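Quick notes on the structure that follows.
Protein chains: 2
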Amino acid sequence: MEDSYRIKPIGIVRCTFKTRDEITESKKRGNVGEIELFEEYEEGLSDIDGFSHIIVVWWMHKSDFRGLKVKPLHFPEKLRGVFATRHPDRPNPIGLTAVQLLERKGNILKVRGIDMIDGTPVIDIKPYLESDRKDGGRLGWLTGRNI
Amino acid sequence: MEDSYRIKPIGIVRCTFKTRDEITESKKRGNVGEIELFEEYEEGLSDIDGFSHIIVVWWMHKSDFRGLKVKPLHFPEKLRGVFATRHPDRPNPIGLTAVQLLERKGNILKVRGIDMIDGTPVIDIKPYLESDRKDGGRLGWLTGRNI
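First to last, the protein sequences are chains A and X.
For the first sequence, position 32 matches number 32 in the working numbering, and the numbering has no gaps at all.
For the second sequence, position 94 matches number 94 in the working numbering, and the numbering has no gaps at all.
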């Protein structure tokens with residue numbers, strides 16, 4: 001196994017959120033914004049129009065990893081293992097967001113459900129498949145919380 | 001925006017699949033294996049036990065990116081835009097798999113639903129949340145196919 005791997009941005013998020021403190025679950029749900037792929041990647045978006053949902057893989061460029069226990073942003077009363085949270089300050093600051101695909105125009109995807117801040121680097125786009133849907137799961141320490 | 005970012009493996013997949021050709025949707029579903037985090041990351045798994053599902057983020061170390069159109073592994077009759085597929089040969093070869101968490105023992109997670117090959121590097125673990133579940137979606141070119 002290699003010591004490390006290199007990834008590069010393929011696009012950028014355009015939306016109204018300027019800081020991560022603004023982003024709450026309720027605001028996120030309706031939030032419409034754009035995923036702009038750099039033009040050289042546009043060809044890779046062929047056939048994506050038929051999918052109602054996609055997964056945006058993004059780079060948490062404001063991340064500042066300091067340790068394996070973190071205070072969750074909206075539930076800071078207790079330290080939690082970072083892998084039991086979606087906290088951005090993690091060893092590899094990769095973010096995942098399943099969004100609704102509203103429209104595609106060339107290299108621009110109009111989507112609903114953005115929880116990244118404006119200017120976030122995008123590193124991959126994937127179609128949302130049946131196997132990504134898991135029903136009736138237990139939510140651990142988040143059970144009963146408004147997320 | 002920076003030109004590139006560096007990520008590092010935090011663990012490894014242990015399972016029975018030795019080549020990607022062996023992996024089909026039906027075999028994957030029941031497939032039990034282990035995600036072994038390197039010991040220095042064990043502390044980050046605190047609080048994960050209560051989640052029934054987790055998302056494994058992994059590095060497609062056998063990936064060989066050659067172009068933005070690919071032949072899907074199980075449906076090779078037509079070239080598709082790589083971002084409308086889960087094909088491993090993509091600009092940033094990051095894989096996502098939502099699996100059922102069966103048991104945790106220290107730095108080892110026993111999971112069901114693995115679709116990686118044995119020895120795959122793991123780069124992140126995330127709890128599966130309500131917002132990861134999208135219902136009744138359209139599946140584009142995959143509609144009606146057995147995936």
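C-beta atoms are modelled at their ideal positions from N, C-alpha and C, and glycine is treated no differently.
Bear in mind that the values here come from a model prediction, so they are computed numbers and not experimental data.
DSSP beta-bridge partners of residue i
i, result
"residue 105(A)", "108(A)"
"residue 58(X)", "95(X) and 122(X)"
"residue 117(X)", "According to DSSP, which records beta bridges pairwise, residue 117(X) is partnered with nothing at all."
"residue 69(X)", "81(X)"
"residue 51(A)", "139(X)"
Limits of the unbroken alpha helix (DSSP H) element including residue i
i, result
"residue 29(X)", "25 to 30"
Range of the contiguous beta strand (DSSP E) that encloses residue i
i, result
"residue 121(A)", "121 to 127"
"residue 11(A)", "11 to 14"
"residue 7(X)", "5 to 7"
Top-ranked residue by Cα proximity to residue i, from the options
i, options, result
"residue 21(A)", "58(A), 118(A), 13(A) and 82(A)", "118(A)"
"residue 87(X)", "109(X), 98(X), 60(X) and 108(X)", "60(X)"
"residue 4(X)", "29(A), 100(A), 123(A) and 78(A)", "123(A)"
"residue 18(X)", "116(X), 39(X) and 36(X)", "116(X)"
"residue 46(X)", "56(A), 70(A) and 50(A)", "70(A)"
"residue 52(X)", "103(X), 9(X) and 8(X)", "103(X)"
"residue 14(X)", "83(X), 131(X) and 107(X)", "107(X)"
"residue 132(X)", "97(X), 142(X), 114(X) and 145(X)", "97(X)"
"residue 130(A)", "55(A), 38(A) and 78(A)", "55(A)"
"residue 127(A)", "126(X), 134(X) and 62(X)", "134(X)"
"residue 75(A)", "24(A), 121(A) and 9(A)", "24(A)"
"residue 85(X)", "78(A), 80(A), 44(A) and 77(A)", "44(A)"
"residue 144(X)", "38(A), 50(A), 2(A) and 79(A)", "50(A)"
"residue 80(A)", "99(X), 63(X), 79(X) and 42(X)", "42(X)"
"residue 62(X)", "38(A), 137(A), 2(A) and 138(A)", "2(A)"
"residue 29(X)", "99(X), 57(X), 121(X) and 138(X)", "99(X)"
Chain-order list of residues whose beta-carbon lies under 7 Å from that of residue i (same chain, five-residue window excluded)
i, result
"residue 36(X)", "11, 12, 14, 107 and 108"
"residue 91(A)", "65"
"residue 140(X)", "84"
Beta-carbon proximity list for residue i, same chain, < 8 Å, skipping 5 on both sides
i, result
"residue 34(X)", "13, 14, 15, 108, 109, 110 and 111"
"residue 48(A)", "54, 101, 104, 109, 125 and 127"
"residue 7(X)", "59 and 123"
"residue 57(X)", "94, 95, 96, 122, 123, 124, 125 and 126"
Contact set for residue i: own chain, Cβ-Cβ below 6 Å, skip 5 residues either direction
i, result
"residue 68(A)", "82"
"residue 40(X)", "none"
"residue 32(X)", "112"
"residue 78(A)", "none"
"residue 93(A)", "60 and 63"
Residues in the region 46 to 57 of chain A having any Cβ partner in chain X nearer than 9 Å = 46, 47, 48, 49, 50, 51, 52, 53, 54, 55 and 57
Using a Cβ-Cβ cut-off of less than 9 Å, list which residues of the region 14 to 28 of chain X approach chain A; keep chain order.
-> 25 and 28
Near-chain A residues of the region 122 to 144 of chain X - C-beta to any C-beta below 9 Å | 123, 124, 125, 126, 127, 128, 129, 130, 131, 132, 133, 134, 135, 136, 137, 138, 139, 140, 141, 142 and 143
Residues of the region 79 to 93 of chain X with a CB closer than 9 Å to any CB of chain A: list them in chain order, please.
-> 79, 80, 81, 82, 83, 84, 85, 86, 90, 91, 92 and 93
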